[in-house]
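Undergrad:
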Amino acid sequence: MSSLLIDSIDAQYSFLPHLKGRTHYHRTGPDDGPVVVMVSGATLPLAVWGPLMEPLLDAGFQIVRYDLPGRGHTPLDGLGSNFQAHLDQLHSLLEGLGIRQPVRLIGLASGALIVAAYAERNRARVSHTCLFAPDGASTRFSLAERLLSMPILGELLFRFTGQHTLFARIPRYSLRADIRTFVRSLLEFSLTSPGFRKAVLATVRTFPFHRGSELYSRLARSGIPTCIIWGREDYITPSDAADAMSALFGKTSLHILEHVGHLSFVEDPVTVAALLVRHFRDALAARSR
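Here is the structure:
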């Protein structure tokens with residue numbers, strides 16, 4: 120895994136200023152390559168996608184990764200932290216980078232909700248989507264998460280117990296020690312990001328976790344080719360809703376990878392990249408017939 124990490128966790132790339140603030144992003148790959156945009160989850164910076172970069176670049180794709188508001192190097196101030204602010208940020212990024220061709224959007228966990236909502240509302244701008252361990256398909260909040268959603272109490276709890284809560288979740292990411300070490304380093308960096316705690320609380324409170332099935336249904340009806348990738352050993356976002364997602368998008372759209380956890384593209388980037396490349400190319404071939 121470590122050999123595929125092509126950047127350091129706290130690497131700083133480029134900033135795109137726009138009307139609502141500025142977004143930290145990394146754009147790499149051939150200028151004429153098909154564009155893949157990677158959307159992270161609630162707590163992890165863009166470096167989480169590092170292991171998947173090399174095989175996708177080798178396949179000829181141009182890749183755009185970015186930090187969500189209050190994560191990584193993207194400041195929270197000006198951008199806002201509710202669900203709509205995340206959709207606006209993605210739109211501003213594509214506009215500001217001058218990306219006119221339809222993009223391939225991939226999202227992790229709560230990032231899958233961003234991908235689904237943006238794609239369904241902007242169908243002409245999105246050619247494909249891929250959802251990794253999508254939140255909202257069958258989300259059940261723990262007691263701690265329900266308490267975090269409460270005004271005032273949530274702020275107090277996260278201030279005093281947030282770090283402990285995040286670190287206590289690490290064993291659920293993977294059975295592998297090296298993956299848990301990787302996740303811990305990502306979370307340690309995340310906790311240094313200004314606005315991180317406020318941003319995470321806003322995600323818990325404003326994202327459509329309990330209306331995800333409705334959102335995914337609209338994405339399925341849009342006709343945008345979609346694949347879902349889940350790790351069998353995912354104990355962060357268990358694949359309880361896999362059958363429901365398969366029913367929405369079709370049996371061939373769902374891929375359950377054995378012996379990997381929440382970050383399937385970190386544990387087995389070569390297999391995941393191959394699935395993505397096949398999904399992108401098969402869907403284009405089907406459209407051209």
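Going by my numbering, the sequence shown opens with residue 120, and the numbers climb by one from there.
From the three backbone atoms N, C-alpha and C, an ideal C-beta is built for every residue, glycine too.
The structure displayed is predicted, hence computed values, not measured ones.
Which value, in whole angstroms, describes the spacing of the CA atoms of L138 and L187?
TA: Using only the alpha carbons, I get a separation of about 16 Å.
Undergrad: The alpha helix (DSSP H) spanning I298 covers which residue range?
TA: Its alpha helix (DSSP H) spans residues 296-309.
Undergrad: Flag this pair as touching only if the stretch 220-228 and the stretch 243-252 have three or more C-beta atom pairs under 8 Å; answer yes or no.
TA: Yes: at least three Cβ pairs fall under 8 Å.
Undergrad: Is the beta carbon of G331 less than 8 Å from the beta carbon of D254?
TA: Taking 8 Å as the Cβ cut-off, G331 and D254 qualify as a contacting pair.
Undergrad: Where does P149 land, buried or exposed, given buried means 16+ other C-beta within 10 angstroms?
TA: Looking at its Cβ environment, which holds fewer than 16 other Cβ atoms inside 10 Å, P149 is exposed.
Undergrad: Opposite T284 in the DSSP bridges: which residues?
TA: Per DSSP, none; premise fails for T284.
Undergrad: Note the first and the last residue of the continuous alpha helix (DSSP H) segment covering G380.
TA: Careful: G380 lies outside any alpha helix (DSSP H) and carries neither H nor E.
Undergrad: If we count the other Cβ atoms within 10 Å of its Cβ and call it buried at 16 or more, is A243 buried or exposed?
TA: Exposed, by the Cβ-count rule.
Undergrad: Does the beta carbon of P290 fall short of 7 Å from some heavy atom of the ligand COA?
TA: This structure does not include the ligand COA; it has no bound ligands of any sort.
Undergrad: Determine the closest residue to R141 out of C346, H205, V389, with distance taken between C-alpha atoms.
TA: Of the listed residues, the one whose Cα sits closest to R141 is H205.
Undergrad: Can you tell me which of the three DSSP states R190 falls into?
TA: Three-state DSSP puts R190 in coil, outside helix and strand.
Undergrad: Within 8 Å, do at least three Cβ pairs link the stretch 360-367 to the stretch 332-339?
TA: Flag = yes, the stretch 332-339 and the stretch 360-367 touch.
Undergrad: Take L212 and list the residues in its own chain whose beta-carbon comes closer than 7 Å to its own, dropping the five residues that flank it on each side.
TA: Hits under 7 Å: L135, T142, Y144, Y185.
Undergrad: If you count every other CB in all the chains shown that lies within 10 Å of the CB of T162, and 16 or more means buried, which is it?
TA: Buried, by the Cβ-count rule.
Undergrad: Can you tell me which of G314, Q220, T284 puts its alpha carbon nearest to the alpha carbon of R303?
TA: Answer by Cα proximity: T284.
Undergrad: Tell me the rounded alpha-carbon separation between R291 and D401.
TA: For R291 and D401, the distance between alpha carbons rounds to 33 Å.
Undergrad: According to DSSP, is F399 part of a helix, a strand, or is it coil?
TA: The answer is helix: DSSP assigns F399 an H, G or I state.
Undergrad: Assess, as a yes-or-no matter, whether the stretch 293-312 is touched by the stretch 376-388 under the definition of 3 or more beta carbon pairs within less than 8 Å.
TA: Taking 8 Å as the limit for Cβ pairs, the verdict is that the stretch 293-312 does touch the stretch 376-388.
Undergrad: Compare the Cα-Cα distances from M172 to each of P357, R397, V389 and report the closest residue.
TA: Of the candidates P357, R397, V389, the one whose C-alpha sits nearest the C-alpha of M172 is V389.
Undergrad: Please give me, in chain order, every unbroken run of the beta strand (DSSP E) with length at least 3 that falls completely inside the stretch 322-391.
TA: Here the runs fully enclosed are 345-350, 373-376.
Undergrad: Use the C-beta contact count for S127: other C-beta atoms within 10 angstroms, 16 or more gives buried, fewer gives exposed.
TA: Classification of S127: exposed, given that the 10 Å Cβ count is below 16.
Undergrad: Under 8 Å, do A256 and A360 count as touching if we go by C-beta distance?
TA: It is a contact, given that the beta carbons lie within the stated cut-off.
Undergrad: With a 10 Å radius around its C-beta and 16 neighbouring C-beta atoms as the bar for buried, classify H192 as buried or exposed.
TA: Burial call: buried.
Undergrad: What does a CB cutoff of less than 6 Å around G152 pick up in its chain, not counting 5 residues either side in sequence?
TA: Excluding sequence neighbours, G152 sits near G179, F180, Q181.
Undergrad: Please specify which runs of the alpha helix (DSSP H), each continuous and at least 4 residues long, are wholly inside the stretch 142-204, giving them in chain order.
TA: The stretch 142-204 contains these whole alpha helix (DSSP H) runs: 169-177.
Undergrad: Pick from F286, L310, F202: whose alpha carbon is nearest that of R299?
TA: Nearest of F286, L310, F202 to R299, Cα basis: F286.
Undergrad: In the DSSP assignment, find the unbroken alpha helix (DSSP H) run with S229 in it and report its ends.
TA: Start and end: 229-240.
Undergrad: What are the boundary residues of the beta strand (DSSP E) that includes L135?
TA: Its beta strand (DSSP E) spans residues 133-137.
Undergrad: What three-state label does DSSP hand V215 in the structure shown?
TA: Note on residue identity: the sequence assigns Gly, not Val, to residue 215. Helix at G215.
Undergrad: Report back the beta-carbon spacing between L419 and L395 to the nearest angstrom; my notes put them in contact at under 8 Å.
TA: Residue 419 falls outside the range modelled here, since the chain spans only 120 to 408, and no answer is possible.
Undergrad: Rounded to whole angstroms, what's the CA-CA distance from D358 to L376? Just pull it up for me.
TA: Going by the sequence as given, residue 358 is Ser instead of Asp. Approximately 11 Å between the Cα atoms of the pair.
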